[in-house]
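Numbering (this note's numbering), first residue to last: 233 to 671.
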Ligand SMILES: Cc1ncc(COP(=O)(O)O)c(C=O)c1O
């Protein structure tokens with residue numbers, strides 16, 4: 233460390249606090265594709281921060297928009313009041329959202345977005361007089377943030393086990409990862425569409441479809457270690473939801489804003505949900521913000537049901553549509569459009585795929601899977617020590633190779649900013665290859 237800091241008071245989220253504090257990994261600046269560490273090294277960002285800095289770090293237009301707004305108006309309430317940027321940000325988001333999804337509820341992050349979407353789903357059925365629909369379905373290994381709603385529909389055991397029963401009336405589909413059949417798949421895997429059938433054959437048969445309000449899934453499961461939907465799988469989920477009037481929510485906190493090479497995963501995968509939860513890349517992570525984008529008929533059902541001049545949906549956050557976040561979102565979406573970053577991601581995807589699969593055959597590599605600018609490299613675990621191998625590689629990449637990667641379990645997950653160059657793609661995978669060979 234260049235300067236001694238007191239690390240004892242900050243209780244770090246989702247971190248091995250004691251390990252970290254024994255040798256802190258500190259970033260002090262960021263620009264474009266790189267972080268600068270406190271000891272003056274430039275580190276290539278292979279993860280867009282946390283899947284969120286899609287336009288690269290410190291984009292001058294986004295920075296200027298936030299600075300301007302901070303100096304103009306720091307805050308205005310959006311409960312029974314508002315400010316113009318709130319409406320502009322919503323319209324801007326709708327301008328890139330799939331057709332028909334055109335009403336926006338703002339919140340501050342992905343977790344709040346998930347809880348908001350689940351509440352909208354439950355209340356939607358109720359305001360239409362179908363209040364029997366109280367059940368929510370998620371998926372094993374799903375990550376939907378850390379609110380009680382999100383951990384209830386989420387399926388990562390470690391994120392749930394300490395927190396009691398959470399929401400009642402929740403069930404989970406199995407996830408579709410099948411390494412036996414789909415190992416080293418490039419893009420959409422061939423096998424596994426039938427995994428969607430269990431929604432109808434098992435869960436709806438068990439619970440009765442008329443009790444189910446919504447199904448929430450990540451189109452591509454990111455945080456759990458990159459699980460890509462097999463061919464035809466999401467289409468089946470959509471058809472089953474349609475058949476039984478169940479709302480389909482896509483949690484696009486990771487897949488939104490160009491990660492797969494189009495604005496949303498829904499566009500790329502050709503399946504339209506009833507609601508999209510987004511966050512992260514919405515503001516390029518420069519100011520926290522999340523949003524739920526819903527079909528107009530869902531919004532209109534609330535408007536029709538409430539008494540005149542009554543509040544239609546009793547939900548919201550002090551910082552819903554915060555002026556700084558709105559300014560950042562508007563500038564960010566403009567940057568995505570002006571710099572054609574979603575198109576750029578689509579163009580780079582085949583090169584990224586080749587580079588990713590060049591790691592096949594290296595020590596400990598059990599599977600490689602990719603879509604758009606996302607890649608998961610699954611490693612054999614050390615006996616009795618799951619997570620150790622990948623975490624070791626993460627630490628080595630950071631200290632010895634000046635590259636930031638992310639790991640979950642024994643899976644390396646890569647999701648660079650969409651501005652990455654081919655040379656930097658080579659560097660990213662080249663470094664991982666070197667470290668793997670030395671393992
Ligand atoms: C799919 C998904 N949903 C929700 C979240 C939670 O978002 P946040 O950490 O902003 O609350 C994440 C975070 O990674 C995510 O990947």
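For each residue, glycine too, the CB sits at the ideal point set by N, CA and C.
No experiment lies behind these values; they were computed from the predicted model shown.
Measure the alpha-carbon distance for residue i versus residue j and round it to whole angstroms.
i	j	result
residue 412	residue 519	41 Å
residue 658	residue 594	16 Å
residue 327	residue 528	14 Å
residue 340	residue 648	23 Å
residue 546	residue 625	47 Å
residue 253	residue 240	8 Å
residue 300	residue 338	21 Å
residue 569	residue 250	42 Å
residue 560	residue 486	18 Å
residue 482	residue 564	22 Å
residue 498	residue 431	20 Å
residue 628	residue 667	7 Å
residue 587	residue 290	27 Å
residue 379	residue 348	10 Å
residue 364	residue 439	12 Å
residue 389	residue 282	21 Å
residue 313	residue 552	12 Å
residue 425	residue 623	32 Å
residue 522	residue 433	34 Å
residue 636	residue 279	7 Å
residue 444	residue 616	39 Å
residue 674	residue 270	This structure does not reach residue 674, given that the chain is present from 233 up to 671, and the question cannot be answered.
residue 357	residue 604	35 Å
residue 531	residue 477	16 Å
residue 609	residue 660	13 Å
residue 238	residue 408	44 Å
residue 391	residue 510	20 Å
residue 600	residue 607	7 Å
residue 463	residue 417	11 Å
Excluding the 5 residues preceding and the 5 following residue i in the sequence, name in chain order all residues of the same chain whose CB lies nearer than 7 Å to its CB.
i	result
residue 467	503
residue 406	372, 427, 430
Which two residues bound the contiguous alpha helix (DSSP H) that contains residue i?
i	result
residue 357	342 to 359
residue 246	No alpha helix (DSSP H) contains residue 246, which DSSP labels as neither H nor E.
residue 681	Not covered by the structure: residue 681. The range shown for the chain is 233 to 671.
residue 394	Note, residue 394: premise wrong, no alpha helix (DSSP H); not H, not E.
residue 473	465 to 475
residue 499	497 to 501
residue 295	292 to 304
residue 378	Segment: none, residue 378 is in no alpha helix (DSSP H) and carries neither H nor E.
residue 574	573 to 589
residue 666	654 to 670
residue 327	316 to 328
Quick test of your reading: residue i and residue j, contact by CB under 8 Å. State the CB separation rounded to the nearest angstrom.
i	j	result
residue 346	residue 368	In fact, because the Cβ distance is near 11 Å, the residues do not count as touching under 8 Å.
residue 307	residue 582	Contact doesn't hold; Cβ gap of about 45 Å is too wide.
residue 284	residue 598	That pair is no contact at about 28 Å.
residue 480	residue 447	6 Å
residue 472	residue 428	7 Å
residue 423	residue 371	About 17 Å separates the two Cβ atoms, so there is no contact after all.
residue 344	residue 549	6 Å
Who are residue i's beta bridge partners in DSSP?
i	result
residue 367	444
residue 267	262, 275
residue 617	614
residue 507	481, 526
residue 640	643
residue 418	602
residue 405	371
residue 459	453
residue 423	Its beta-bridge partners do not exist; DSSP assigns none.
residue 289	264
Starting from residue i, follow the beta strand (DSSP E) in both directions and report where the run begins and ends.
i	result
residue 339	333 to 339
residue 602	597 to 603
residue 608	606 to 611
residue 482	479 to 483
residue 620	No beta strand (DSSP E) holds residue 620; the alpha helix (DSSP H) holding it covers 620 to 633.
residue 564	Segment 555 to 570 is the alpha helix (DSSP H) holding residue 564; no beta strand (DSSP E) there.
Starting from the C-beta of residue i, find all residues in its chain whose C-beta is less than 8 Å away, skip the five residues before and the five after it, and write them out in chain order.
i	result
residue 621	596, 611, 612, 613, 614, 642, 671
residue 656	265, 276, 648
residue 562	297, 317, 320, 321, 324
residue 567	287, 291, 293, 294, 516, 573
residue 395	380, 383
residue 494	500, 574, 578
residue 590	661, 665
CB-CB under 6 Å to residue i, same chain, minus the five flanking residues each way: which ones, in chain order?
i	result
residue 455	375
residue 273	634
residue 377	342, 343, 346
residue 602	585, 588
residue 506	479, 480, 527
residue 415	599
Can you check whether the C-beta of residue i is within less than 8 Å of a C-beta belonging to chain C?
i	result
residue 267	Given the protein chain composition of this structure (a single chain), no chain C is represented.
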